Structures are given as C-alpha cells and as structure tokens.
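Chemist: Pasting a structure below so you can have a look.
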Amino acid sequence: MSDAKLMKGNEALAEAAIRAGCNAYFGYPITPQSEILEYLAGEGRKRGMIVLLVVNVNRGGPGLGTIQPSQGDYFQATKGGGHGDYRLIVLAPASVQEMADFVFDAFDLADTYRTPVMILADGALGQMMEKVAFRDYVPAEHIPPKPWATTGKPKARERNIITSLHIEPEKMEQINLRLQEKYRRIAAAETRCEHFHTDDAEYLLVAYGLAARIAQGAVEMARARGIRAGLLRPVTLFPWPTAAVRTLAGRVKGVLVVEMNAGQMVEDVRLAVEGRTPVSFHGRMGGIIPSPDEVLAALEAMAGERVPQHEEAL
Amino acid sequence: MERQAAVQDLAGLECVYERPGTLTDTRLHYCPGCGHGVVHRVLMEAIEELGIQETTVGVAPVGCSVFAYNYLNIDMQEAAHGRASAVATAVKRILPDRYVFAYQGDGDLAAIGTAETIHTANRGENILVVFINNAIYGMTGGQMAPTTLLGMTTTTSPAGRTVETAGYPLKITEIVATLPGVCYASRNSVHTPGAVRHLKKAVLKSFQYQKEKRGMCFIEVVSNCPSGWKMTPLEANRWMAEHMFPLYPPGELKAPK
Amino acid sequence: MPIKGTVAFAVETCKGCELCIDACPQESLALSQEINLQGYHYAVLVKDNCTGCVNCALVCPDAVITVYRENRKKDRVPVATISNVRGNVTVTLDDERKNP
C-alpha cells in the first residue's frame, strides 16, 4: 500500500490502471476527463493483460452540454448505449479513493466474466482532489485463461474468430441465452451496495456517486433533527441492488431518490420498490450539484407530506 | 466599449479602418494573441464588404471556437465534434442560395472529423471550410493533435511526438486539394499584416467561387496557440513561422483556372 | 511630408497581446502602464509619427483598433475624363499646370 497522496480523481484512476497492468489505452481529449489521457501518456507502461475498461466522466447534457458534473448518462451506461440485449457491469465510485480502487475491481471483473466494465464517474469526481492510497495490484484468483484470443493460430489449434455477427437466428438466440445466463451469474455474485444508517431507518435515501456523498450529509443533518433517515448507495449500477432496496422498502415510510439528472435511477428504484412505499425524487440538471440542505428539505417534505420545490411528480 | 481619445485630435483625418459591424459586441474569450480573433474579424470584414450578412449561415465546431456564434453576427449552428462540414452540407443542400461556411480547428477537422472532411470535399459541396491549424488541442488543455509536429511537446506527448507512437503530422490540406470536388485550396496565416491581407483575398475569392457553384473552397490558416505552446503571442508567432511553415507552407495549393 | 494618421484603442477590449506593437513600422505603440478592468496592460500610441498604415489593426485579434489617416487625394481636382479608349492615348494639358 502506498502512502496517502493528494490526487485528482482522474489521475488516481489512471495511476490505478497502470498499477493494474493496463497495457493499452485508447482515449480522446474532452473535459472533464482529459487528465486520464495525459497521465497515461506520461506515466504509462506496458504489461501483459487484455481487458476492456471503459470510463465515463459524466458531464451535463444533452448534446455538447456543459463541462460541469452530471449523472445524466445512467440510462446510457446501464440500459445499453448500443445495440442489442447486452449489459455492461457498471461501477459508480463516490470518492477519489474509489476512483483508484474500482479500476482494480474493474480489470478483475472484466477478465473473470469476459465482459466490458464501465466506471461511471462525474466531472466533480474526476477533477476534485482527495487523499488516495494505492494498494499493490494482485489479480483475482480464478481468472480464466484466454484460449479464445486472436494471437496468431499455431498449427495445434483451430483458428480463433472474434465476431458479434451470427446470421442464423437460432445461433444468435443461443448466444443471447448464454449472455443472459452470464448476467444472472454476475448479478448473483457481484452486486454491491453500501448501507449508511439503514438498520433503523424510517426514511430511505437512494443515491450513487457524488449524489450519495451529498445525501449522506443530508442523512446526518436529518438524524440531528430527529428524523431517522438512512442511505442506500448502489456501488454497482449493473447489477443493481434490487434485493437490498426491496427489503428496505418494506420497512420504511418513504424512499427519496437523489440524482444529478432528470430522474433515471429512480426508475430502477420504483421497479425494486414495486409499490410497497412512496418513492420521491430530487434532482438537479445542467451540471448543478444539489446541496445537502435542499436534499434535507426534500426529505422533510416527504416526511411531513409537504410539496418540496424541486420534486418531479413522476 | 470605451474608446480612448487619440493622442492627436482627429481634425483633417478620416477613418480608414474600423472594426466590422458584422462582429457582435461580445468580448472574445480567446487567449491574448490567438489567431482565432483575427480570422473571425477577416471573415466578418469580407461578409460585410460583400453585403451577405443576411444570407450567410456559419457552422461552429467543438474546440476553442465552439463559441464562435457569440462573436459572428450571422445565423449559426453548433455541430457535434468533427461534423461541422456535414452540418454545413445539410444547410447548403436545403438552402442552396445561402453562403455557407464551416469553421473548424485541427482536432475537429483532421482527427474526429476526418471522414466528414474528406467526403464533403469529395462531394464538392459548394461551401467554404475554414481550417485553423495550430497543431494542438487548445480548448482541452494542450493535447497532441494529428497536425502536431514531430518532436513537439504537448500534454499527451510530453517527451515530444515520435513516429513510433503517433505517426506523422497529417497534411490534410494537401490530401483534400487532390480531390476534384475541391476548386480552391489555400494555406494562409495571420501573423503579419501582409498575411492577413492574403487571407482576406482568399476568403473573398472563396465566397465568389461559392456564388459560381465551383465546388468546395478550403482555407487552412496556420495559427498559434500561445497557451498550449506555453509562449507569449509574439514568441508563438515567431515559433510558428520558424517551425510550422516548413511543414505547412503558406500558398495557394489549388485554384480555378 | 509623411502622411499623418492616428489610432484609437478600445481600452477595455484590448488584451495586451503586443502583436500591434510588433507590427507597427513606426514603433509608435507600447503597452500602457495602466491596466484595464480585465487586468490587461492595454496598447497605447506613444509617438506622434503614426501614418495610419493600418498594420496594427490588421493583426489585432480583438478588433480593438480604429485607424485614421489624412486624405490628401481630396485636394486633387480632375482635369479631364477619358472614355471609350480603343488604343494608345496621348494627353496634352494646355493650362498653367504645364507652365507654372
């Protein structure tokens, strides 16, 4: 474990990628993530691993949008930014330390399941500076070998073909069934979330990434005022912690979802809650970060059944 | 905008140059000494002189000049990164009697937008493409671009660009000039008064060729990036003339007979 | 006698890039000791030998400069109008200009 250093989120992520043995990086300059490109161009070294890690440092949209942070790409990351029945494993860091730690996790997950992994951060996490300590990277056990890789065909084996094109529908369906089975295995083994004061909570907040940091502040403020609030922070956005939210929904009087978008993860919350308890939403768009005060106000409104200012009646 | 009283009074003197009325009053955000400001001004002088302010549509890129629409008092569209010539194509095809230009930097036109650039040129769209080449990604903090020189230091080529890691600087204007759809290809600069006058002529010619439906006009302006290159504006212009002109020499690469 | 000219600067818009100072063939421009509201030392005319050549305005990225120049041509009076020229033309003036 290295000593703690003060680093920007983007730089911590890039340093972790080097330590994890990233041997190729393909990127492009765009605010707020250009530091990843610059760090790897300056500090990068080659080692022998092949994975696919995608990093999205979310900025406000839609379109060119703004350079300020946002969580507006949740749908794109978790429901598919592309074509067909596929899912990405999506990890949502909430600190510069997690920007580093999740890179190691992401490399392992991608290798273990042979599936792309995305780290979904936002412009604040990418740019802010916090203490970070790097542990030594040790690859996970049970990472399967890669006999399928295209490295050049020795005489001893048939040729390897990597393609997503399968014209016969029967074959395509089989491949899809295999993928769906893989996603079930991933959901069973890799779902991660964090609980904060949920044991005795009467009201539950659900938020990820930077919004979770803010919601945590609001929970502390609420507790000081005698409201028993708790926070569930999804760490994997796919697979989503449906079971944890469903269980808590049965025990609380209301759920408040806090996001930096028009309401995206809230749909997954509603699916998990399935009508057991009311679900409210508080969100800001355009790159604006909600304050703990306004989250607290939304929570108090839910608890006191007043209508708060920024709630979307979804 | 305040005007400072001249040292001498103006009796007997007439105004021989003033800022074109086709620029808005908005202060330019570009770094001091940046070539973008000069090119914007020259474009708008030409549009003013030709009397085509009301019939011109411009397309802005992504890059430092993403805010060009704040400065040029004409109808403008913002394109996604690299796609300005595609958007300009659409405008021109739907409104063929308008003067249409796309304004792009080297990242926009020669990296992510390479396909659009080549195919717009190949189709011979009757538009003007203005290509500002300062061999760097300015807006995002000074990363290497396709036109970055060998040995040039940027934030993503901290030890200097090498052929092994990044290939050769891309001379996109030479490539585009070979296409029959391009009727006029010129490489200019704005670092001296004479160079600025040459650019103005090239722009006026281009709007004339557009009127005559001769095909695409492509003007590269070799320019500076004082912030990205970490130099003063004067140092940057001298460095540009000394180091960029050998690879990107000013002159007309192609012109109609 | 050199042509007289002068320049005016939009002080608050000038960014002190010094390109005009370098372009001036008369070395008439310099940065002011003062700063504008943006914090830039703006360009100012420091000599009275400006010829109104427009070099400074041509290189200014912020279109800050207005150029003035005396017009000597307005003192000239046309003495003849020639039109429909088909070949070489010889003009002889038959007045006191020829014989001052």
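Residue numbers (our numbering), protein chains in the order written: chain A, 74 to 387; chain B, 645 to 901; chain C, 12 to 111.
Cβ coordinates follow ideal geometry from the N, Cα and C atoms, glycine included.
From a predicted model like this one, the values you see are computed outputs, not experimental measurements.
Please specify which runs of the alpha helix (DSSP H), each continuous and at least 4 residues long, are wholly inside the region 105-179 of chain A, giving them in chain order.
Modeler: Entirely contained in the region 105-179 of chain A, the alpha helix (DSSP H) runs reaching 4 residues are, in chain order, 107-116, 147-152.
Chemist: Nearest chain A C-beta to V865 (chain B) closer than 9 Å, yes or no?
Modeler: Output row for V865 (chain B): interface = no.
Chemist: Do we get a CB-CB distance below 9 Å when we pair P102 (chain A) with the residues of chain B?
Modeler: Closer than 9 Å: yes.
Chemist: Give me the residue from B:K815, B:R737, B:R671, B:M860 with the minimum Cα distance to P890 (chain B).
Modeler: Ranking the options by Cα distance to P890 (chain B), first place goes to B:K815.
Chemist: V331 (chain A) bridges to which residues according to DSSP?
Modeler: BP columns for V331 (chain A) point to A:H355.
Chemist: Below 8 Å CB to CB, which residues in the same chain sit around A335 (chain A) once its five sequence neighbours on both sides are set aside?
Modeler: Result list for A335 (chain A): G145, G356, M358, E385, in chain order.
Chemist: In this structure, does DSSP put F889 (chain B) in helix, strand or coil?
Modeler: Correct three-state label for F889 (chain B): coil.
Chemist: Which whole-angstrom value describes the C-beta separation of G679 (chain B) and I776 (chain B), a residue pair presumed to lie in contact below a C-beta threshold of 8 Å?
Modeler: That belief holds up - the Cβ atoms of G679 (chain B) and I776 (chain B) are roughly 7 Å apart, short of 8 Å.
Chemist: According to the neighbour-count rule (16 or more other Cβ atoms, all chains shown, within 10 Å of its Cβ), is T185 (chain A) buried or exposed?
Modeler: With 16 or more Cβ atoms within 10 Å of its Cβ, T185 (chain A) is classed as buried.
Chemist: With a CB to CB cut of under 8 Å and the five nearest residues on each side skipped, what residues in its chain are close to G63 (chain C)?
Modeler: The answer, listed in chain order, is I14, K15, G16, T17, V18, V78, Y79, R80, E81.
Chemist: Among the candidates A:D209, A:M333, A:R349, whose CA atom is the shortest distance from the CA of P135 (chain A)?
Modeler: That would be A:M333, whose Cα lies nearest to the Cα of P135 (chain A).
Chemist: Flag E171 (chain A) as yes if its beta-carbon sits less than 9 Å from any beta-carbon of chain B, otherwise no.
Modeler: No, E171 (chain A) lies away from the interface with chain B (no Cβ there is under 9 Å from its Cβ).
Chemist: Could you name each continuous beta strand (DSSP E) segment of 3 residues or more that falls completely within the region 768-820 of chain B, going from the start of the chain to the end?
Modeler: Whole beta strand (DSSP E) segments, 3+ residues: 772-777.
Chemist: Give a yes or no on whether the C-beta atoms belonging to N778 (chain B) and D752 (chain B) are separated by under 9 Å.
Modeler: Contact: no.
Chemist: When you compare each of B:P870, B:G859, B:G665 to G768 (chain B) by their alpha carbons, which one comes out closest?
Modeler: Answer by Cα proximity: B:G859.
Chemist: In chain order, what are the residue ranges of uninterrupted beta strand (DSSP E) at least 3 long that sit wholly in the region 677-732 of chain B?
Modeler: Runs found: 700-704, 719-722.
Chemist: What does A754 (chain B) pair with, by DSSP beta-bridge criteria?
Modeler: A754 (chain B) pairs with nothing; no bridge assigned.
Chemist: Which stretch, first to last residue, makes up the beta strand (DSSP E) that contains C266 (chain A)?
Modeler: From DSSP, the beta strand (DSSP E) with C266 (chain A) extends over 266-269.
Chemist: What in chain B is Cβ-close to A107 (chain A), meaning under 7 Å?
Modeler: Note that residue 107 (chain A) is Ser in the sequence shown here, rather than Ala. The answer, in chain order, is T784, G785, Q787.
Chemist: Determine the direct distance from the alpha carbon of D366 (chain A) to that of D178 (chain A), and round the result to whole angstroms.
Modeler: Approximately 34 Å between the Cα atoms of the pair.
Chemist: Decide if N66 (chain C) is buried, meaning its Cβ has at least 16 other Cβ atoms within 10 Å, or exposed.
Modeler: Buried, because 16 or more other Cβ atoms sit within 10 Å of the Cβ of N66 (chain C).
Chemist: Go ahead and pull the three-state DSSP assignment for C67 (chain C).
Modeler: It is helical.
Chemist: Mind reading off the beta-carbon distance from W873 (chain B) to I780 (chain B)? Whole number of angstroms is fine, and I expect it under 8 Å.
Modeler: Confirmed, about 7 Å.
Chemist: Determine the extent of the alpha helix (DSSP H) in which T309 (chain A) is found, giving its start and end residues.
Modeler: Careful: T309 (chain A) lies outside any alpha helix (DSSP H), inside the beta strand (DSSP E) at 309-311.
Chemist: Only counting the same chain, and skipping five residues up and downstream in sequence, which positions put a Cβ closer than 8 Å to that of L793 (chain B)?
Modeler: The answer, listed in chain order, is A779, R805, P813, H887, M888, L891.
Chemist: Just list the beta strand (DSSP E) runs in the region 236-308 of chain A, keeping only unbroken ones of 3 residues or longer that don't cross its boundaries, in chain order.
Modeler: Counting only runs of 3 or more, we get 266-269, 276-279, 302-307.
Chemist: Between the region 232-248 of chain A and the region 283-297 of chain A, can you find at least three pairs of beta-carbon atoms closer than 8 Å?
Modeler: The region 283-297 of chain A vs the region 232-248 of chain A: no contact.
Chemist: Does any residue of chain C bring its CB to less than 9 Å from the CB of Y828 (chain B)?
Modeler: By this cut-off, Y828 (chain B) is not an interface position.
Chemist: May I ask which residues mark the beginning and end of the alpha helix (DSSP H) holding G872 (chain B)?
Modeler: That run of the alpha helix (DSSP H) goes 870-873.
Chemist: Secondary structure at L657 (chain B), three-state DSSP: helix, strand or coil?
Modeler: The answer is strand: DSSP assigns L657 (chain B) an E or B state.
Chemist: Output yes if chain C places a C-beta closer than 9 Å to the C-beta of T876 (chain B); else output no.
Modeler: Yes, contact with chain C.
Chemist: Tell whether a beta-carbon distance below 9 Å holds between K844 (chain B) and A690 (chain B).
Modeler: Yes; because the gap between Cβ atoms is below 9 Å, this pair is in contact.
Chemist: Along the alpha helix (DSSP H) that carries C31 (chain C), what are the first and last residues, could you check?
Modeler: Looking at the DSSP string, the run of the alpha helix (DSSP H) that includes C31 (chain C) is 30-34.
Chemist: Using only the alpha-carbon positions, how far apart do A262 (chain A) and S709 (chain B) sit?
Modeler: Rounded to whole angstroms, A262 (chain A) to S709 (chain B) spans 48 Å at the Cα level.
Chemist: Please list, in chain order, the chain B residues whose beta carbon lies closer than 7 Å to that of G115 (chain A).
Modeler: In chain order: P802.
Chemist: Taking 9 Å as the threshold (C-beta atoms), are D273 (chain A) and T315 (chain A) in contact?
Modeler: No, the pair does not count as a contact, with Cβ atoms beyond the cut-off.
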